[in-house]
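To start, the structure itself, in structure tokens.
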Amino acid sequence: MKMKVKIAAAALTAVMAAGPALAELVFPSLSYRTGPYAAGGAPFADGYTDYFTLLNERDGGIGGVKTRVVECETGYNTEKGVECYEATKGEGSLVYQPLSTGITYQLIPKASADGIPLHTMGYGRTSAADGTVFKWAFNYPANYWQGASVAINHILDINGGDIKGKKIALLYHNSAYGKEPIRTLEGLSKKHGFELSLIPVDHPGQEQKSQWLQIRREKPDYVLMWGWGVMNQVAIQEAANIRFPMENFIGIWWSGSENDVLPAGAAANGYKALNFHNVGSDYPIFDDIRKYVVDAGKAAGSGDNVGTVLYNRGLYAAMLAAEAARKAQELSGKKDITPADMRDGMEALEITEARMAELGMPNFGPAFKVTCENHGGPGKAAVQQWDAEAKQWKMISDFYEPDMEVIQPLIKADAEAYAKENDITPRECK
Amino acid sequence: MSDTFFFAMEVALNGLMAGVMYSLVALGFVLIFKASGVFNYAQGVMALFAALTLVGIQNGQIPFAHVINATFGTHLSTFGWNVPSFLAILLTLGVMILFAILVERLVLKHLVNQEPIILFMATIGLAFFLEGLGDLMWGSEIKKLDVGLPQGVSDTIERVTYEWFGYGFFIDKLDIVAALVATVLVIVLTLFSRYTKHGRALRAVADDHQAALSVGISLRFIWVLVWSIAGFVALVAGIMWGTKSGVQFSLSLIALKALPVLMLGGFTSIPGAIVGGLIIGVGEKLFEFFIGPLVGGATENWFAYVLALIFLVFRPQGLFGEKIIERV
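In order, the protein sequences belong to chains B and U.
According to the working numbering, the first sequence is numbered sequentially starting from 15.
According to the working numbering, the second sequence is numbered sequentially starting from 335.
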């Protein structure tokens, strides 16, 4: 009898000690802190994780539910990225941000089949902006085609609206990513009458002498760059070497971090790049990041990259994910949401000026609304310029609207082709 | 003569200069292969590690600061001083020699008499270890490397060629420095191997390990010596490439540019590394200029390997490599 009592007491104690499983919101981070692209991957991953740490430490999570970031190292390698997805999807992952166009292309069919949303902010498959075909993929607030259009709009702006006969060269990483803007630029070239030349650079882009000799010879008025990693630093140095005017050299948002300009020193002064969020750390949220995260010793990194372009991008991505989760909680009426609820939250996401101010990020990015048809957001981007003396990026324009008249038919055509290839019936949006 | 002709000349000249930069990396591979028959997969990472260490020492960075901070909650980053470039280069050389000693003690010593493929695999492991160590020691952010080397177009060459031909040639000052450094390096290495005791010992080991051992040459010392020299060559390559693109982890990929040079020039010849580099540099640039536009461009990476393969078909040992005859 005594033994039975002992066993029952032990069982009761074990049950009480275990208690109910605590709910948590899981946000996987497919990061790359090692390998050739680590300098770009680490600050993004730090910003992403630090924002969720801030929510946990300051607010007790989202809607009272703690968040958990599950980090998995991809090394910017597509196979490893897919392995990371498979290894972490069972943890209740709410949304994946692969931070690689190659990984994104692999994950779109997998995540769609598994019912987990993907958010590819400013990268990935551009036509994922069509929500009728890509139910589980989102690429708000901007994509490459919109980036190409914004760059041309900026050039139009500084040329009084007329760029007929101007020569514009696209220096691009010879990969699916680098080739993304070509169709848009060809369309815009027809519309505005500028002459487009295409100059590919082989991976990784450490040697670009041929390309810059060509640019020196052809003397384009503007050079646009779609680069990543070492390609950016070498291109900026080579542009300085041939004395190409830096203010006429414009990079996409993945060619516009401090990493890209610092190695060239003073020679990089005046270089421009697009961005879909603001720069610097002069926002109230950074006071909280320092107080609750960095100074508390809870930062994902060393804390010395807070406020850099790519840290801010990670922070912004996390903010958009957290706001979508909040929306999902509101729509589903439950705190512990599922990936399907998260998708609904992302599709109903609305970022207003007032909300950004409330979050301590006034004017940090454009205000926008996601809809069932439009998973790509407004596509607005601004132009930042490097001040080599102050070692700072400065925003020199407002957020430009892209030319959707040219882009929308391209998105539609590409999404339709994808739907046909994959036997997808586009859904009706009410 | 036409503008196109001069442009082709300019492309070829810049190809020669780019070839010199490839040769600087290839030299390190040749030295180790020649002395020990080991293809050192870690040579590219050694260039990265040397450049990281140089910048770290120059900037007074505390090694392993991130690890120390994460473990003890400190906020260390720098010692608060800057080390002059020349002294920093000497200290980095010291680190590379220490690395060579450790490689010999911890890896090579235990693999004596093993098959070359085993030693090759060991260098693959070494490459990944060294890359991780570099990250832990100095961090993964991109660093500016400035040891006072000039960069940008040479105004003198541009002006003089314009006066002579009516076409101003573009030559990067950094490439001119690289060419001079490579020349000096080859002369010094040749003199060292011909006229010094250790150089002769090195050649003896390269010719026949067993015979060299039988006359009292220490194989272990020779390995330390050759890995130290390869470390020095890696430092030179790291300085040149690091000045060009900033010091970052993709520097280890410069090894990809050295491989076709080795295939073409031969794995055992120092002049072969230089000549191979020049042929690859000019070949890939001219191919890009003439054929690139017809096939959508970006031909340089693959064409370098095609060129090397063509040479291999006719001379499997490379242009200057030793013909290996194995009798069974």
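Glycine included, each C-beta is placed from N, C-alpha and C at the ideal position.
Buried versus exposed, by CB contacts within 10 Å (16 or more), residue i
i, result
"residue 348 of chain U", "buried"
"residue 330 of chain B", "buried"
"residue 283 of chain U", "Any question about residue 283 of chain U goes unanswered here, given that chain U covers just 335 to 662."
"residue 444 of chain U", "exposed"
"residue 476 of chain U", "buried"
"residue 336 of chain U", "exposed"
"residue 506 of chain U", "buried"
"residue 452 of chain U", "exposed"
"residue 259 of chain B", "exposed"
"residue 98 of chain B", "buried"
"residue 47 of chain B", "buried"
"residue 436 of chain U", "exposed"
"residue 357 of chain B", "buried"
"residue 186 of chain B", "buried"
Test item: CB-CB of residue i and residue j under 9 Å
i, j, result
"residue 369 of chain U", "residue 536 of chain U", "yes"
"residue 521 of chain U", "residue 423 of chain U", "no"
"residue 298 of chain B", "residue 409 of chain B", "no"
"residue 362 of chain U", "residue 385 of chain U", "no"
"residue 350 of chain B", "residue 79 of chain B", "yes"
"residue 280 of chain U", "residue 607 of chain U", "Shown here, chain U extends from 335 to 662; a query on residue 280 of chain U therefore has no answer."
"residue 287 of chain B", "residue 266 of chain B", "yes"
"residue 45 of chain B", "residue 53 of chain B", "no"
"residue 37 of chain B", "residue 116 of chain B", "no"
"residue 508 of chain U", "residue 378 of chain U", "no"
"residue 344 of chain U", "residue 221 of chain B", "no"
"residue 236 of chain B", "residue 169 of chain B", "yes"
"residue 209 of chain B", "residue 179 of chain B", "yes"
"residue 434 of chain U", "residue 558 of chain U", "yes"
"residue 339 of chain B", "residue 365 of chain B", "no"
"residue 182 of chain B", "residue 166 of chain B", "yes"
"residue 225 of chain B", "residue 218 of chain B", "no"
Of the listed residues the options, nearest to residue i (C-alpha basis)
i, options, result
"residue 377 of chain B", "B:385, B:367, B:136 and B:168", "B:367"
"residue 110 of chain B", "B:244, B:151 and B:127", "B:151"
"residue 139 of chain B", "B:118, B:123 and B:258", "B:118"
"residue 637 of chain U", "U:657, U:593, U:609 and U:601", "U:593"
"residue 629 of chain U", "B:174, B:416 and B:212", "B:212"
"residue 273 of chain B", "B:405, B:353, B:46 and B:338", "B:405"
"residue 410 of chain U", "B:89, B:51 and B:318", "B:318"
"residue 580 of chain U", "B:75, B:247, B:414 and B:256", "B:247"
"residue 341 of chain B", "B:332, B:334, B:359 and B:327", "B:359"
"residue 463 of chain B", "U:367, U:402, U:345 and U:378", "The requested residue 463 of chain B does not occur in the structure, where chain B is confined to residues 15 to 444."
"residue 362 of chain B", "B:370, B:345 and B:352", "B:345"
"residue 473 of chain U", "U:555, U:378, U:395 and U:338", "U:395"
"residue 402 of chain B", "B:394, B:278 and B:428", "B:278"
"residue 618 of chain U", "U:340, U:352 and U:419", "U:352"
"residue 253 of chain B", "B:282, B:170 and B:127", "B:282"
"residue 423 of chain B", "B:441, B:443 and B:143", "B:143"
"residue 313 of chain B", "B:238, B:68 and B:49", "B:68"
"residue 358 of chain U", "U:529, U:502, U:464 and U:615", "U:615"
"residue 569 of chain U", "U:442, U:419 and U:412", "U:419"
"residue 407 of chain B", "B:271, B:336, B:391 and B:437", "B:271"
"residue 433 of chain B", "B:113, B:141, B:107 and B:51", "B:141"
"residue 412 of chain U", "U:642, U:471 and U:513", "U:471"
"residue 439 of chain U", "U:390, U:554, U:655 and U:450", "U:554"
Rounded distance between the beta-carbons of residue j and residue i, thought under 8 Å
i, j, result
"residue 163 of chain B", "residue 198 of chain B", "6 Å"
"residue 468 of chain U", "residue 383 of chain U", "5 Å"
"residue 8 of chain B", "residue 72 of chain B", "This structure gives no information on residue 8 of chain B, because the portion of chain B shown stretches from 15 to 444."
"residue 293 of chain B", "residue 326 of chain B", "7 Å"
"residue 483 of chain U", "residue 426 of chain U", "Wrong, their Cβ atoms sit about 15 Å apart, outside the cutoff."
"residue 429 of chain B", "residue 244 of chain B", "Wrong, their Cβ atoms sit about 33 Å apart, outside the cutoff."
"residue 599 of chain U", "residue 653 of chain U", "6 Å"
"residue 393 of chain B", "residue 70 of chain B", "Between residue 70 of chain B and residue 393 of chain B the Cβ distance is about 32 Å, and since that is not below 8 Å, they are no contact."
"residue 386 of chain B", "residue 95 of chain B", "At roughly 28 Å, the Cβ-Cβ gap does not stay under 8 Å, so residue 386 of chain B and residue 95 of chain B are not in contact."
"residue 620 of chain U", "residue 346 of chain U", "6 Å"
Test: residue i CB closer than 9 Å to a CB of chain A
i, result
"residue 405 of chain U", "Among the protein chains of the structure shown, namely B and U, there is no chain A."
- Message: I'd like the ranges of any alpha helix (DSSP H) spanning at least 4 consecutive residues and lying wholly in the region 432-496 of chain U.
- Response: For the region 432-496 of chain U, the continuous alpha helix (DSSP H) assignments of 4+ residues that do not extend past its boundaries occur at 450-472, in sequence order.
- In chain order, each beta strand (DSSP E) run of at least 3 residues that lies wholly inside the region 183-252 of chain B: 209-215 and 236-240
- Task: Kindly provide the ranges of any alpha helix (DSSP H) runs that are 4 or more residues long and lie completely inside the region 89-132 of chain B, ordered along the chain.
- Result: Taking only runs of at least 4 residues, the alpha helix (DSSP H) segments lying wholly in the region 89-132 of chain B are 92-102 and 115-128.
- Quick one: which unbroken alpha helix (DSSP H) runs of 4-plus residues sit fully inside the region 576-656 of chain U? Chain order, please. 589-599, 604-624 and 634-648
- Query: Fully enclosed by the region 260-316 of chain B, which beta strand (DSSP E) runs are 3 residues long or longer?
  - Reply: Within the region 260-316 of chain B, the complete beta strand (DSSP E) segments of 3 residues or longer fall at 263-265 and 286-289, listed in chain order.
- Query: If you scan the region 42-78 of chain B from start to end, which runs of the alpha helix (DSSP H) of 4 or more residues do you find wholly inside it?
  - Reply: 52-68
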